[in-house]
Each structure stands twice: as structure tokens, then as C-alpha cells.
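Just below is one structure, and these are the notes that go with it.
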Amino acid sequence: PYDVLVVGGGPAGAAAAIYSARKGIRTGVVAERFGGQVADTMAIENFISVKATDGPKLVAGLEQHVLDYDVDLMKTQKAVRLEKKEFVELELENGAVLKSKSVILATGARWREMNVPGEQEYRGKGVAYCPHCDGPLFKGKKTAVIGGGNSGIEAAIDLAGIVEHVTVLEFGDTLRADDVLVKKAESLANVTIIKEAMTTEVLGDGERVIGLKYTDRRTDESHLVELAGIFVQIGLVPNSEFLQDTLELTNRGEIVINAHGETSIQGVFAAGDVTTTPYKQIIISMGGGATAALGAFDYLIRN
Ligand code: FAD
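With UniProt numbering applied, the sequence shown corresponds to residues 213 to 515, in that order.
Listed below in C-alpha cells is the structure:
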């Protein structure tokens with residue numbers, strides 16, 4: 213068996229693998245797509261000590277660093293089941309079952325998409341999902357936030373301090389965000405909130421986003437908003453479906469962890485965007501991966 217088997221090859225999984233391997237213990241990594249969300253990222257400007265980089269560069273760096281150690285890297289392999297027996301057993305989609313004394317789950321998350329024409333075409337060219345990451349790229353420009361829940365209204369307040377104007381489009385007839393956030397957003401002169409608005413299309417000039425179309429659900433009329441950026445804030449979905457009924461998840465599907473990265477199953481740890489850790493960021497996921505690896509090592513020397 214492995215000593216530590218890491219599931220996921222994003223920043224959390226890579227950090228967990230490096231920290232584990234540096235302890236001289238038998239380490240494996242199973243990753244459906246090495247790099248995770250970072251592979252889909254254009255500009256990264258908040259990875260501390262690296263002023264600016266991009267996703268593919270950071271992914272190459274992660275892989276080089278992992279392979280610098282004696283790690284079994286199993287790419288394009290998907291985990292479909294986890295079970296704790298004498299060892300923790302991880303079943304892969306291809307039928308193989310891997311055994312390990314401890315497991316670190318770092319399967320990340322994915323942003324819910326609007327599924328409208330233009331969204332994919334202009335992803336990274338005006339269509340964005342992370343205001344902390346991409347907000348500053350729209351300095352002085354007009355933007356929209358899709359979604360009036362907590363993350364949408366927080367994004368609008370955040371962006372209002374950077375961009376020229378923010379239009380919030382909410383599908384429902386009420387905002388689902390906390391009252392204090394709604395009051396704050398409503399008090400900002402450069403934020404407009406439109407309810408019962410169904411976004412129907414992202415418009416671009418072939419290079420970049422130039423606007424969006426939405427339908428007023430009360431009147432069925434179509435409207436055009438001219439803007440440079442669209443922040444989609446309709447939910448971050450943890451990749452934890454295969455763990456349903458296996459360990460403790462929140463009602464949103466996040467793996468519940470404590471400060472040591474421990475889950476509800478002894479010997480099973482978790483890190484990064486798939487967990488209850490607040491604020492989903494590269495640097496935070498890496499810290500979580502390091503914590504989980506040290507937690508797993510602590511567990512191994514005691515058992
Ligand atoms: P992920 O990066 O999601 O990686 C998950 C890994 O698990 C992947 O390798 C995946 O293939 C694998 N996996 C999933 N399910 C399974 C399974 N069943 N079996 C095996 N493997 C599985 N953050 C910043 O700090 N700065 C930025 O500028 C920034 N920009 C972003 C831009 C975009 C477009 C997006 C989408 C996100 C951005 N983020 C940014 C957020 C950041 O990418 C995430 O917080 C971070 O990647 C989370 O790391 P993770 O390792 O937890 O998960």
C-alpha cells in the first residue's frame with residue numbers, strides 16, 4: 213500500500229504530494245486532469261512572490277516540482293469510490309483499486325456556468341468567475357455580476373471599488389444575499405441591481421466581450437448591456453459527488469475538515485476547494501495541501 217495517496221492534481225494535491233514525499237514516505241497522486249482549475253486560468257497576479265504568471269506556466273511548475281520527488285503520478289485517472297477497510301481503498305474508473313494507509317482528497321471544485329451562447333467563446337476574454345483574481349483586469353471599465361447570492365453581491369461590492377460600473381443580474385425576484393450585503397450594495401452609486409433578469413447571451417467582437425443580452429422575465433423584453441467584463445457568480449460546485457454517503461459533507465457538498473485537514477474518516481484528509489475552507493484561492497489551496505500532508509504524517513507516525 214501507499215503511505216499517502218493524494219486524489220487530485222491541482223495546487224492542493226501538488227502541495228500535499230510534495231510535503232508527503234519530502235517525509236520519505238511512499239506517495240501516490242491520482243489526477244483526472246493534472247493542474248486542475250489553474251490549467252484554465254489566464255493571468256495569475258496574486259501568487260505571492262511571483263508578480264505575474266499564467267495557468268499553463270504554473271501547472272508546468274507544479275508538475276516539475278512534484279516529479280522532482282519519488283512520487284507515483286497517475287494522470288488521467290478518475291477516482292470513483294473510497295472505502296475504509298484495513299487500508300483506505302480507492303477505486304478508479306478503470307476498475308483498479310489502490311490501497312493506502314492514508315488518503316488526501318484534493319479534488320477541487322468547478323464554477324457553475326450560465327450555459328448561454330458566447331460564454332465558452334469569451335471565457336478568459338471578459339467572462340470571468342473569480343473577482344479576487346480578475347477584478348483588477350477591469351479597472352475603470354463596465355462590468356456585470358451574474359447572480360444575487362452572497363458571492364454575487366460580495367463580488368459587486370468588491371468590483372465597485374475598482375471598475376467604473378457594476379450591473380448585477382439576478383434571475384429571481386429577490387436577492388438571496390445577506391441583508392447587510394444587499395444594503396451595502398444598494399448604497400453604492402455605481403452599482404445597479406436588476407432582478408428577474410435572465411441572461412441569454414454573451415456578446416463579443418471576436419476578441420473580447422462587448423456586452424450581454426438579458427430578458428426581463430416580467431415583460432419578456434430583451435435588453436442589451438454594453439460592458440467589458442462578466443463575473444459569473446452562480447455557485448462553486450465541489451467535486452465530491454463520488455464521496456456522497458462516504459464521509460461528512462456539508463449540504464453544499466464540501467468535505468468537512470478541521471484545522472489539521474482531518475475528515476470524518478480516520479486516516480482520510482482533505483484540502484483545497486473541495487473542502488469547507490473559506491476563500492477558494494491557489495495560495496490557500498496550497499497551504500491546505502501542506503496542512504493535510506503534515507496531518508497525514510502525524511497520523512501515520514501514531515498508527
Ligand atoms: P483544483 O484546481 O480544482 O484541482 C482539482 C484536481 O482534482 C484536478 O487535478 C482534477 O482533475 C482532480 N479531480 C477532480 N475529481 C477527481 C476524481 N474523482 N478523481 C481524480 N481526480 C479528480 N486563484 C488564485 O489564487 N488566483 C487566480 O488568479 C485565480 N484565477 C482563477 C481563474 C479561473 C478561471 C478559475 C476557474 C479559478 C481561478 N482561481 C484563482 C481559483 C484557483 O484556481 C482554485 O482555488 C484552485 O485551483 C483550487 O485548487 P485545488 O487543488 O483545491 O482544486
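Note that beta-carbon positions come from the ideal geometry of N, C-alpha and C, so glycine has one too.
(message) Relative to the C-alpha of Trp323, which candidate in Gln445, Leu310, Glu433 has its C-alpha closest?
(response) For the residues Gln445, Leu310, Glu433, the minimum Cα distance to Trp323 belongs to Gln445.
(message) Given 7 Å as the limit, tell me if Thr253 has its C-beta closer than that to any heavy atom belonging to ligand 1.
(response) At least one heavy atom of ligand 1 is nearer than 7 Å to the Cβ of Thr253, so yes.
(message) Threshold first: 3 residues or longer. Then list the beta strand (DSSP E) segments lying entirely within the stretch 374–461, N to C.
(response) The stretch 374–461 contains these whole beta strand (DSSP E) runs: 377–381, 403–406, 409–416, 421–428, 434–438, 441–444, 448–450.
(message) Judging by CA-CA distance, which residue of Ala372, Val394, Tyr511, Pro343 is the nearest neighbour of Thr475?
(response) Comparing Cα positions, the closest option is Tyr511.
(request) Report buried or exposed for Glu460, applying the criterion of at least 16 other Cβ atoms within 10 angstroms of its Cβ. (result) Label assigned to Glu460: exposed.
(request) Express the C-alpha separation of Thr288 and Gly221 in angstroms, rounding to a whole number. (result) Cα to Cα, Gly221 sits roughly 10 Å from Thr288.
(message) Taking the alpha-carbon of Ala255 as reference, which of Asp284, Gly441, Asp417, Cys345 has the nearest alpha-carbon?
(response) For Ala255, the closest C-alpha among the options Asp284, Gly441, Asp417, Cys345 is that of Cys345.
(request) Can you tell me which of the three DSSP states Thr488 falls into? (result) Note: Thr488 maps to coil in three-state DSSP.
(message) Taking the alpha-carbon of Leu506 as reference, which of Gly465, Ala356, Gly423, Ala482 has the nearest alpha-carbon?
(response) It is Ala482 whose Cα lies nearest to the Cα of Leu506.
(message) Is Ser497 a contact residue of ligand 1, with contact defined as CB to any heavy atom under 7 Å?
(response) For ligand 1, at least one heavy atom lies less than 7 Å from the Cβ of Ser497.
(request) Grab me the residues of Ala368's own chain with a C-beta within less than 7 Å of its C-beta, minus the 5 sequence neighbours each way, in chain order. (result) Around Ala368: Val357, Val378, Val380, Ala397, Val403.
(request) Please classify Val271: does DSSP put it in a helix, a strand, or coil? (result) Reduced to three states, the DSSP call for Val271 is helix.
(request) Could you say which of Gly320, Ala264, Pro268 lies nearest to Val242 if we only look at CA atoms? (result) Among Gly320, Ala264, Pro268, the Cα nearest to that of Val242 is on Gly320.
(request) Count the other C-beta atoms from every protein chain shown that fall within 10 angstroms of the C-beta of Val262, then say buried if there are 16 or more, exposed otherwise. (result) It is exposed - the Cβ of Val262 has fewer than 16 other Cβ atoms within 10 Å.
(message) Let's test the definition: count the other Cβ atoms within 10 Å of the Cβ of Leu436 and tell me whether it reaches 16, buried, or not, exposed.
(response) Counting of Cβ neighbours within 10 angstroms places Leu436 among the exposed residues, the total staying below 16.
(message) Rounding to the nearest angstrom, what Cα-Cα distance links Leu393 and Leu274 in this structure?
(response) Approximately 37 Å between the Cα atoms of the pair.
(request) Flag this pair as yes or no: are the beta carbons of Val421 and Lys313 separated by less than 8 Å? (result) The answer is no: Cβ separation not under 8 Å.
(request) Output the distance between the C-alpha atoms of Leu217 and Ala227, rounded to the nearest integer angstrom. (result) The straight-line gap from Cα to Cα measures roughly 13 Å.
(request) Please classify Glu466: is it buried, with 16 or more other beta-carbons within 10 angstroms of its beta-carbon, or exposed? (result) The residue in question, Glu466, is buried, as its Cβ has 16 or more Cβ neighbours within 10 Å.
(request) Give a single yes or no on whether Lys296 has its beta carbon closer than 7 Å to a heavy atom of ligand 2. (result) The model on display carries ligand 1 but not ligand 2.
(request) Could you check which residue in Ser363, Arg430, Gly500, Met286 has the C-alpha nearest to that of His472? (result) Of Ser363, Arg430, Gly500, Met286, the residue nearest in Cα terms is Gly500.
(message) Assuming Tyr214 is part of the beta strand (DSSP E), what are its boundary residues?
(response) Looking at the DSSP string, the run of the beta strand (DSSP E) that includes Tyr214 is 214–219.
(message) Quick check: is any heavy atom of ligand 1 less than 7 Å from the C-beta of Glu331?
(response) Glu331 Cβ: outside cutoff for every heavy atom of ligand 1.
(message) Can you determine whether any heavy atom of ligand 1 sits closer than 7 Å to the C-beta of Lys290, and answer yes or no?
(response) Indeed, a heavy atom of ligand 1 lies less than 7 Å from the Cβ.
(message) When you compare the CB positions of Asn384 and Lys407, do they come within less than 8 Å of one another, or not?
(response) According to the sequence as given, residue 384 is Gly; it is not Asn. Contact check for Gly384 against Lys407 passes: the beta carbons are separated by less than 8 Å.
(message) I need the DSSP call for Arg238, collapsed to helix, strand or coil.
(response) The answer is coil: DSSP assigns Arg238 none of H, G, I, E or B.
(message) Under DSSP, the beta strand (DSSP E) around Met286 begins and ends at which residues?
(response) Per DSSP, Met286 belongs to the beta strand (DSSP E) from 283–287.
(message) Please tell me whether, using a cut-off of 7 Å, the distance from the CB of Glu433 to the nearest non-hydrogen atom of ligand 1 is below it.
(response) Distances taken from the Cβ of Glu433 to the heavy atoms of ligand 1 include none shorter than 7 Å.
(request) For the alpha helix (DSSP H) holding Ile496, just list the boundary residues, first then last. (result) Counting along the chain, the alpha helix (DSSP H) containing Ile496 begins and ends at 494–514.
(message) Quick check on DSSP: helix, strand or coil for Asp346?
(response) DSSP places Asp346 in helix when its eight states are reduced to three.
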